[in-house]
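Residue numbers (my numbering): 49 to 379.
Remarks on the structure that follows.
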């Protein structure tokens with residue numbers, strides 16, 4: 049029996065459920081392949097751009113699929129971005145957990161099996177893969193096709209809310225956090241990762257490329273991104289070393305010795321390549337950065353200000369090479 053029941057995401061009224069739909073006297077939502085669909089098809093809404101992008105990515109990418117990526121592969125990636133150690137993962141044990149932006153379920157493989165009840169929401173069609181990704185490790189994952197601004201749950205329903213690299217892909221990152229934190233119980237833990245503001249040339253170049261790609265179809269954008277990935281692979285294979293003799297504050301460069309591909313990646317424009325992932329998934333990583341219309345970057349102070357405004361007490365705000373992780377408790 050479900051612990052957290054569905055409500056209408058727009059009115060918060062209770063919903064009844066049959067095999068094929070959720071409904072009340074005012075609303076009706078279909079259930080497709082066992083997954084409730086709360087997202088409304090409206091091409092004029094900002095959410096449509098998000099849905100288009102991530103539906104393509106999470107139905108095409110093999111990243112995180114159990115047959116190709118081990119739990120250790122996923123753990124290494126998540127520890128780097130979300131700063132979750134084995135001790136931190138114990139915080140999910142026997143808890144009611146909501147994963148906001150579950151995608152195809154890749155990251156969820158780490159925390160979903162530990163939960164008493166696991167819920168995952170996403171605006172993209174990758175959720176239809178998430179149930180398969182988690183099938184062997186989670187008894188009854190509860191997945192829905194939902195917009196995080198209109199979550200189909202009562203307030204104060206969850207012990208833990210986690211969101212890995214999602215909030216910054218909405219029209220307004222702060223408003224996204226404002227939409228999800230009320231679903232957290234008082235004393236509950238929210239964990240999220242968002243992009244940080246980067247070096248000036250990197251900020252300029254990334255926005256320039258994004259403006260060229262974001263209005264194309266996903267297929268066209270993925271194809272055009274391949275030239276960036278080919279360059280990244282070539283420079284990686286050449287193993288060219290460069291030395292920055294002293295800090296260059298105007299450009300955000302730090303003194304030191306660098307691999308050329310990594311220096312460009314960190315300071316000039318995103319130029320991702322990872323040999324273990326291969327060309328297709330490396331290109332998907334570059335596509336993931338350049339194609340989304342919304343890809344905001346933030347500062348540590350912004351996160352602190354949001355936490356203060358929303359009565360969240362940070363346990364951790366940690367910077368890594370591409371963003372910030374925040375672990376905070378709701379007061």
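Note that CB positions come from ideal geometry on N, CA and C, so glycine has one too.
Quiz prompt | Limits of the beta strand (DSSP E) - the one that residue 384 falls within | solution = The requested residue 384 is not part of the displayed model; the chain covers only 49 to 379.
Self-check item: Boundaries (first-last residue) of the alpha helix (DSSP H) holding residue 167
Solution: In the chain shown, the residue the question calls residue 167 occupies position 119. Run containing residue 167: none in the alpha helix (DSSP H); it sits in the beta strand (DSSP E), 165-170.
Self-check item: Runs of alpha helix (DSSP H) wholly within the region 235-286 (minimum 4 residues, chain order)
Solution: 248-261, 266-286
Practice problem: Give me the Cα-Cα distance between residue 303 and residue 151, rounded to the nearest whole angstrom. | Solution: By 1-based counting over the chain shown, the position of residue 303 is 255. By 1-based counting over the chain shown, the position of residue 151 is 103. Those two C-alpha atoms are separated by around 38 Å.
Quiz item: Taking just the CA atoms, how far does residue 159 sit from residue 191?
Solution: Counting from one through the chain shown, the residue named residue 191 turns up at place 143. Counting from one through the chain shown, the residue named residue 159 turns up at place 111. Each residue's Cα considered, the two are about 15 Å apart.
Practice problem: Could you check which residue in 202, 226, 284, 288 has the C-alpha nearest to that of residue 51? | Solution: Sequence index remark: in the chain shown, residue 51 carries index 3 (1-based). Considering only alpha carbons, the answer is 202.
Quiz item: Under a Cβ-count criterion, where at least 16 other Cβ atoms within 10 Å of its own Cβ denotes burial, should residue 82 be classed as buried or exposed?
Solution: Here residue 82 is taken as the residue at index 34 of the chain shown, counted from 1. So residue 82 ends up on the exposed side.
Quiz item: Identify the residues that DSSP records as bridge partners of residue 376: which are they?
Solution: If you number the chain shown from 1, residue 376 lands on position 328. Paired residues: 238, 362.
Quiz item: Over what stretch of residues does the beta strand (DSSP E) that includes residue 77 continue unbroken?
Solution: Numbered from its first residue, the chain shown carries residue 77 at position 29. Counting along the chain, the beta strand (DSSP E) containing residue 77 begins and ends at 76-80.
Self-check item: Spatial distance of residue 330 from residue 322 (CA atoms)
Solution: Sequence index remark: in the chain shown, residue 330 carries index 282 (1-based). Sequence index remark: in the chain shown, residue 322 carries index 274 (1-based). Near 6 Å, if we compare the C-alpha coordinates of residue 322 and residue 330.
Quiz item: Taking Cβ to Cβ, would you say residue 246 is nearer than 9 Å to residue 300?
Solution: Here residue 246 corresponds to residue number 198 of the chain shown, with the count starting at 1. Here residue 300 corresponds to residue number 252 of the chain shown, with the count starting at 1. Contact: yes.
Quiz item: Taking Cβ to Cβ, would you say residue 377 is nearer than 9 Å to residue 361?
Solution: Along the chain shown, one-based indexing puts residue 377 at 329. Along the chain shown, one-based indexing puts residue 361 at 313. Contact: yes.
Exercise. Would you identify the three-state DSSP class for residue 59, choosing helix, strand or coil?
Key: In the chain shown, residue 59 corresponds to position 11, counting from 1. The answer is coil: DSSP assigns residue 59 none of H, G, I, E or B.
Quiz prompt | Which of helix, strand or coil DSSP assigns to residue 147 | solution = Your numbering for residue 147 matches position 99 in the chain shown. It is a strand residue.
Exercise. Ignore the nearest five residues each way along the sequence and tell me which others in residue 364's own chain have a CB closer than 6 Å to its CB.
Key: Locating residue 364 in the chain shown gives position 316, where the first residue counts as 1. Answer for residue 364: 375, listed in chain order.
Quiz item: How close, in whole Å, do the beta carbons of residue 253 and residue 316 come, if the pair is a contact with beta carbons under 8 Å?
Solution: Position 205 of the chain shown, counting from 1, holds the residue named residue 253. Position 268 of the chain shown, counting from 1, holds the residue named residue 316. Right, their Cβ atoms sit about 6 Å apart.
Practice problem: Quick one: using the 10 Å Cβ neighbour count with 16 as the cut-off for buried, is residue 280 buried or exposed? | Solution: Here residue 280 corresponds to residue number 232 of the chain shown, with the count starting at 1. When all chains shown are included, residue 280 counts as buried.
Exercise. Would you please state the rounded distance, in angstroms, between the beta carbons of residue 205 and residue 144? I believe it to be under 8 Å.
Key: For this step, residue 205 is matched to residue 157 along the chain shown. For this step, residue 144 is matched to residue 96 along the chain shown. About 7 Å separates the two Cβ atoms, so the contact holds.
Self-check item: the region 336-354 contacting the region 257-264, beta-carbon criterion three pairs below 8 Å
Solution: yes
Practice problem: Quick one: residues in its chain with C-beta nearer than 6 Å to the C-beta of residue 129, no 5 flanking neighbours on either side, listed in chain order? | Solution: Within the chain shown, numbered from 1, the residue matching residue 129 stands at position 81. Cβ within range, chain order: 241.
Exercise. For residue 203, write down the residues that DSSP places opposite it in a beta bridge.
Key: In the chain shown, the residue the question calls residue 203 occupies position 155. None; residue 203 has no bridge partner.
Practice problem: Quick one: which unbroken beta strand (DSSP E) runs of 3-plus residues sit fully inside the region 282-316? Chain order, please. | Solution: 289-292, 304-307
Exercise. Grab the span of the beta strand (DSSP E) containing residue 192 for me, first residue to last.
Key: Numbered from 1 along the chain shown, position 144 holds the residue referred to as residue 192. Start and end: 190-193.
Practice problem: Can you tell me which of the three DSSP states residue 126 falls into? | Solution: Position 78 of the chain shown holds residue 126. Three-state DSSP puts residue 126 in a helix.
Practice problem: Measure the CB-CB distance between residue 78 and residue 85 and report whether it falls below 9 Å. | Solution: To locate residue 78, count along the chain shown from 1; it is residue 30. To locate residue 85, count along the chain shown from 1; it is residue 37. It is a contact, given that the beta carbons lie within the stated cut-off.
Quiz item: Taking the alpha-carbon positions, what's the residue 373 to residue 349 distance?
Solution: Here residue 373 is taken as the residue at index 325 of the chain shown, counted from 1. Here residue 349 is taken as the residue at index 301 of the chain shown, counted from 1. One C-alpha to the other measures close to 13 Å.
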